[in-house]
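Single-structure report; data block below.
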Amino acid sequence: SAFDLAIVILLAGLALLSSTWREHEDDRSSADESSEGSSSPLPLLQSAAQAISADPALIALMAVVTGFESAMYGFIFNWTPALTDGASSPPALGSVFATLMLAYTSGSLVFQALGPSPEPIAEQKNPGQDDSSSSPLQLSLTSLRAALATAPIALLAAAAGLTALPAGSPERTGVILGGFIVFEFCCGLY
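If you're matching positions, the sequence shown starts at 3 in the numbering used here and goes up one per residue.
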């Protein structure tokens, strides 16, 4: 299948890049080169693994990104069958896709509007300074947390529409599409 072919191409690209790419070679000292070996990526992978395991925030970030990408993978392959399965007249998929992209863009714009704006260095607050009002950073983190909580609920609503409503009914299509729009909005917030 296409995914098996992609694995072969990915491995061929990895072999090609590993053998020809010499980025940051001048940055290493001669002592580092003699101890690490100039052609082995193993020391770099070991130092990356140590850095990741030393910082719980990196592990949490990796878990969130993995969950998000998994949800997007499932969504990408299932939104069309979910909307057209059993429908006597399937919705215009081009219009549905455009609506989903507008929802994604709207979420991104809302996050930018709620997010922190860059402050000049002279106006930045000291770490010990009291901040009684909610800062833009706190507001953007709140919207991000809301998106991460709402996105699974939106997908569950779409799944409930798949099971609870009769196949091909306009109500089913509406519930599923509504759940997908909320999910895409949350993805834009992310």
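Even for Gly, the Cβ is constructed at its ideal location relative to N, Cα and C. Predicted model only: the values in this text are computed from it and were never measured.
Beta-carbon proximity list for L104, same chain, < 7 Å, skipping 5 on both sides: none
Rounded separation between W23 and P83 - CA only: 42 Å
Assigned secondary structure, R174 (DSSP; H/G/I helix, E/B strand, else coil): helix
Buried or exposed by the 16-neighbour rule on C-beta atoms within 10 Å, applied to A153: buried
Cβ shell of L111 (< 8 Å), same chain only, five flanking positions each side left out: G190
Straight-line Cα distance separating Y75 from I178: 17 Å
Environment of E186 [buried if 16+ CB atoms lie within 10 Å]: buried
Residue nearest to T144 in terms of C-alpha spacing, selected from V184, Y192, S108, L102: Y192
Neighbour-count burial assignment, G39, 16 or more Cβ in a 10 Å radius: Legend: pLDDT at G39 = 49, less than 50; position of this residue unreliable, value from coordinates given subsequently. The residue in question, G39, is exposed, as its Cβ has fewer than 16 Cβ neighbours within 10 Å.
N-terminal and C-terminal residue of the alpha helix (DSSP H) that Y75 is part of: 58 to 86
Where T165 falls, given that 16 or more other Cβ within 10 Å makes a residue buried: exposed
Whole-angstrom C-beta distance between A151 and G181, which should lie under 8 Å: Wrong, their Cβ atoms sit about 15 Å apart, outside the cutoff.
Under the three-state DSSP convention, the category T22 falls into: helix
Contacting residues, own chain, Cβ-Cβ under 7 Å from L46 (five flanking each side not counted): none
Helix, strand or coil at S3 [DSSP, three-state]: coil
N- and C-terminal bounds of the alpha helix (DSSP H) containing Y106: 95 to 116
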